[in-house]
Amino acid sequence: MKTALTEILEIEYPIIQGGMAWVAEANLAAAVSNAGGLGIIGAGGADAKWVEDQIIKAKTLTDKPFGVNIMLMNPQADEIAKVVAKHNVKVVTTGAGNPGKYMEMWKNAGIKVMPVVASVAMARMMERCGADAVIAEGTEAGGHIGEITTMVLVPQVVDAVNIVVAAGGIADGRGFAAAFMLGASGVQMGTSFVATKESTVHDNYKAKIVKAKDIDTKVTGRSTGHPVRNLRNKQTNTYLKLEAEGAGLEQLEKLTLGGLRKAVVDGDVDNGSVMAGQSAGLVKEICSCKDLITKVMTQGEQLLSKGFD
Ligand code: TUI
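First residue of the sequence shown: 23, per our numbering; consecutive thereafter.
Here it is, written out as structure tokens:
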């Protein structure tokens, strides 16, 4: 399947893996790239040395293109921005902020840049700054989120900029086909890649995703201006109760500090932050990245070619 996205990234299938903090390390990224999608190393809150080591490791695991996601709230974002340029990473995606100040350096290094945006205004600004494509992420997504749904964000971003990747709520061929009907040239999936064989997250985390139903995500942090979608557990219950009582930032942050590591590495899915999107309800089994991509592509292409019946 050829799309504007597969052309600019030189990949086989228009499927990108989300750059999830603590989750998206070299093994997962390489598995996705080897399966014909675009694997991404998620820098999250890690330091520049960790990111550099993961880039070097991914290059030993795959000859295919892969990317790095830079979470712009990371205090080391400046250093990580230089590391990706130094190692000639093919693609950079960014999240949780405006990557404008790095754009010239990345373009000079020949990197394709795809910022994640949650609004039309941000999409326009990014294209003006030189972005090659934007990832329009709806509020169905996991982790740090915007307010607009994928269904209404994607077509509006499609009307505003050239190449758009749809993200948030997509986990199967139906979501894939829907994204293309909205005008997207590709999709990004996060939650369904967390629950793959190659993902190195704790088995408890994967099991919680597989078990999740439609209503099992909760958004914490709306009062702080940093809304985050998680699978509901003891931590989100406590957080939301405190938030409703008007608790301050300090008290709320204490509850989530180190929470993602607790869930991903230690498998404490009761007290940790189990970030996941609403599509967790669509994830029914743990399969390989190759099988997931094949399933999404087969079902997606079939739906796109069949019309109305
Ligand atoms: O970045 C994400 N998702 C994330 S980042 C993250 S790390 C984290 N860990 C603990 C607590 C909080 C965060 C977990 N999940 N997705 C991409 C994304 N970017 N979604 C929304 C945005 C966004 C928001 C505002 C992009 C640009 C933006 O612009 C703000 C500005 O500077 O104007």
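We treat Cβ as the ideally placed atom computed from N, Cα and C, and that holds for glycine.
7 Å Cβ shell around residue i - same chain, five flanking residues per side excluded
{"i": "Met136", "result": "Val113, Thr115, Ala153, Asp154, Ala155, Val156, Ile157, Val187"}
{"i": "Asn255", "result": "Val291, Asp292, Val296"}
{"i": "Gly58", "result": "Ile33, Glu34, Tyr35, Ile315"}
{"i": "Lys134", "result": "Ile30, Leu31, Lys112, Val113, Asp154"}
{"i": "Ala201", "result": "Val176, Ala188, Ile192, Val209"}
The alpha helix (DSSP H) enclosing residue i, as first and last residue numbers
{"i": "Val73", "result": "70–83"}
{"i": "Arg244", "result": "Premise fails: Arg244 is in no alpha helix (DSSP H) and is neither H nor E."}
{"i": "Leu314", "result": "311–328"}
{"i": "Thr278", "result": "271–278"}
{"i": "Lys233", "result": "225–233"}
{"i": "Gly281", "result": "281–286"}
{"i": "Ala298", "result": "From DSSP, Ala298 is part of no alpha helix (DSSP H); its letter is neither H nor E."}
{"i": "Ala107", "result": "99–108"}
{"i": "Glu29", "result": "26–31"}
Test item: CB-CB of residue i and residue j under 8 Å
{"i": "Gly294", "j": "Lys284", "result": "yes"}
{"i": "Leu274", "j": "Tyr261", "result": "yes"}
{"i": "Ala234", "j": "Gly164", "result": "no"}
{"i": "Glu101", "j": "Ser301", "result": "no"}
{"i": "Ser141", "j": "Ile170", "result": "yes"}
{"i": "Met23", "j": "Met319", "result": "yes"}
{"i": "Arg196", "j": "Gln324", "result": "no"}
{"i": "Val216", "j": "Phe198", "result": "no"}
{"i": "His166", "j": "Ala118", "result": "yes"}
{"i": "Gly64", "j": "Asn96", "result": "no"}
Bridge partners - residue i, DSSP secondary structure assignment
{"i": "Met125", "result": "Met125 is not bridged to any residue."}
{"i": "Phe88", "result": "Gly61"}
Boundaries of the beta strand (DSSP E) in which residue i is found, first to last residue
{"i": "Pro137", "result": "134–139"}
{"i": "Gly117", "result": "113–117"}
{"i": "Arg251", "result": "250–253"}
{"i": "Gln39", "result": "37–39"}
Neighbourhood of residue i by C-beta distance below 6 Å, restricted to the same chain and skipping five residues each side
{"i": "Gly281", "result": "Gly294, Ser295"}
{"i": "Glu265", "result": "Ser245"}
Proximity test, Cβ basis, 8 Å: residue i and chain C
{"i": "Met211", "result": "Judged by its chain identifiers, the structure shown contains no chain C, having just a single protein chain."}
Could you tell me which uninterrupted alpha helix (DSSP H) segments, each at least 4 residues in length, are contained entirely in the stretch 149–219, listed from first to last along the chain? 172–182, 195–203, 213–216
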